[in-house]
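Reviewing the structure listed below.
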Ligand SMILES: Cc1cc2nc3c(=O)[nH]c(=O)nc-3n(C[C@H](O)[C@H](O)[C@H](O)COP(=O)(O)O)c2cc1C
Ligand code: SF4
């Protein structure tokens, strides 16, 4: 992953842990109620893909155990990982694009209810994404995949050459010369792998996204309701379809791109259809970005406008993230696919312990506060969840007291220690295993390997009943808390 050039190393700052009485009188551990959203405490485990589903996107024992372990900590809410809404192969990513997924999803719900004694609300993040291809072998690309266009022929100025001669010649060129002959997208497909964009309206399936996505999202949301979830989180963040509609890079000319008013149209349309089709008590919120964190991407003005529109439309919560884009991602190796969390915007999404003067702890709090204030200024009370490097009680409580957000999200800290919530509430903060923000977990994620935490994945491996990765080297859930 990209790291800031300053490379200042940060350690988590635990601060002073509260006593039981202090925790009891804190905002963090008091119930939250606003509109349809009611939580036992103002804590939230945001979505994290742990790559534990089958190749067909089915729930496995490992998926169940992963959520069971989070639920044992009894946070206010857990959001189940990004789950694909289409019934198409997507590797070991969880899917909700067909009724056959219902039994597995129901099992997650039952397990979380039991493990949290009914104290934790459970949402599922539903996602759409466009196609990306692995970076091709150069010769294969030039001899097979590349479309030899008139522009290429003109640039080569060899009118008598056959297509085969052109391909053979291109194979002899180095990158400095190829970049002069191929157009931007062709060169990108060669050096990074082909990636669809929402602006590729020459493809019918992309042109028609405004017509197809509302049905796909609402069918997925209805399944989530059938499975027993408390609600859905529409994935409008990071590198995926809906965030790409919201991004300033969306220049579609069909009324769904260009101005911020046009870019928010499809996300609102999707929300409206989902809201209309699920029951009135079922929650519908979204995850969105405070900032794209890429050149030419959306900024706080855009996202404040989007969030206010979502709030006006009646969303039940807005969970904030930042960055995580394809545009600045690291160039993949041949045979690998580009991964959106490897560039600067990826760093902003999951900041690691080597950082700049701002450090990795709470980089999204101030931008999130702007969005929170924009929603409140329009007279709406829509709950806002913030996240990013939050790990101490003081930091979390401070955000709530300073009215920077309503709910505190802890992703990696909850993975490092799923009992963070119970330990602190019970006056045992000194027993918390603090996340070191090394991004070891993120490294596994980027290779689509089963995600675990380095603080616990090699401990007590021979304990009876411990589930392990296929190679037997890592345990797949945190060991139980021994008080
Ligand atoms: C392994 C891993 C997987 C993630 N998967 C998702 C995801 O499916 N959806 C999402 O919105 N964010 C995802 N994230 C981002 C987190 O939800 C969170 O926004 C980010 O890690 C910053 O919060 P933190 O500092 O508390 O970890 C993932 C993060 C990690 C580390
Ligand atoms: S591996 Fe564990 S300690 Fe390291 S960043 Fe991930 S959750 Fe934190």
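Numbering (my numbering), first residue to last: 67 to 549.
All C-beta atoms in this analysis are idealised placements derived from N, C-alpha and C, irrespective of residue type, glycine included.
Residue i, buried or exposed, once every other Cβ within 10 Å from all chains shown has been counted against 16
i	result
residue 397	exposed
residue 92	buried
residue 533	exposed
residue 252	buried
residue 525	exposed
residue 435	buried
residue 225	exposed
residue 449	buried
residue 400	exposed
residue 503	buried
residue 87	exposed
residue 269	exposed
residue 479	buried
residue 492	exposed
residue 432	exposed
residue 342	exposed
residue 410	buried
residue 501	buried
residue 74	exposed
residue 186	buried
residue 174	buried
residue 394	buried
residue 523	buried
residue 519	buried
residue 243	exposed
Residue j beta carbon less than 8 Å from that of residue i
i	j	result
residue 470	residue 438	yes
residue 8	residue 340	Residue 8 is absent from the model: the chain starts at 67 and stops at 549.
residue 233	residue 208	yes
residue 114	residue 412	no
residue 386	residue 356	yes
residue 138	residue 485	yes
residue 424	residue 305	no
residue 302	residue 276	no
residue 536	residue 135	no
residue 490	residue 89	yes
residue 279	residue 194	yes
residue 330	residue 312	yes
residue 516	residue 118	yes
residue 527	residue 482	no
residue 477	residue 112	yes
residue 390	residue 406	yes
residue 291	residue 345	yes
residue 259	residue 403	yes
residue 299	residue 353	yes
residue 505	residue 418	yes
residue 177	residue 133	yes
In DSSP terms, what residue i is bridged to
i	result
residue 110	143 and 475
residue 354	302 and 386
residue 192	149 and 300
residue 103	100
residue 187	143
residue 451	385 and 473
residue 228	Its beta-bridge partners do not exist; DSSP assigns none.
residue 75	420
residue 349	297
residue 161	150
residue 541	534
residue 524	In DSSP, residue 524 forms no bridge with anything.
residue 467	Paired residues: none, contrary to the question.
residue 261	198
Proximity test, Cβ basis, 8 Å: residue i and chain B
i	result
residue 446	Protein chains in the displayed structure number just one, and chain B is not present.
- Counting Cβ pairs, one atom from each stretch, are 3 or more of them under 8 Å apart for the region 151 to 167 and the region 102 to 114? no
>> Could you check whether the region 185 to 199 touches the region 282 to 302, counting it as contact only if at least three pairs of C-beta atoms, one from each stretch, sit closer than 8 Å?
In response: With the cut-off at 8 Å, the region 185 to 199 and the region 282 to 302 touch.
Quiz item: Mind listing, in chain order, the residues whose beta carbon lies closer than 6 Å to a non-hydrogen atom of ligand 2?
Solution: 478, 481, 482, 501, 502, 503, 504, 505, 506, 507, 519, 520 and 521
**Request:** Please determine if the region 95 to 102 and the region 507 to 518 are in contact, where contact requires at least 3 C-beta pairs separated by less than 8 Å.
**Result:** Three or more Cβ pairs closer than 8 Å define a contact, and the region 95 to 102 falls short of that threshold against the region 507 to 518.
(request) Inspect the CB distances between the region 193 to 203 and the region 134 to 143 and report whether three or more fall short of 8 Å. (result) The answer is no - the region 134 to 143 does not touch the region 193 to 203, with fewer than three Cβ pairs under 8 Å.
* To do: Examine the Cβ distances between the region 317 to 324 and the region 366 to 380 and report whether three or more of them are shorter than 8 Å.
  => no
On the three-pair Cβ rule with 8 Å, is the region 115 to 124 touching the region 455 to 473?
no
- Message: Closer than 8 Å is the cut-off here; do at least three beta carbon pairs connect the region 442 to 460 with the region 74 to 85?
- Response: yes
ask   = Does the region 206 to 222 come within contact of the region 161 to 170, defined as at least 3 CB pairs closer than 8 Å?
value = no
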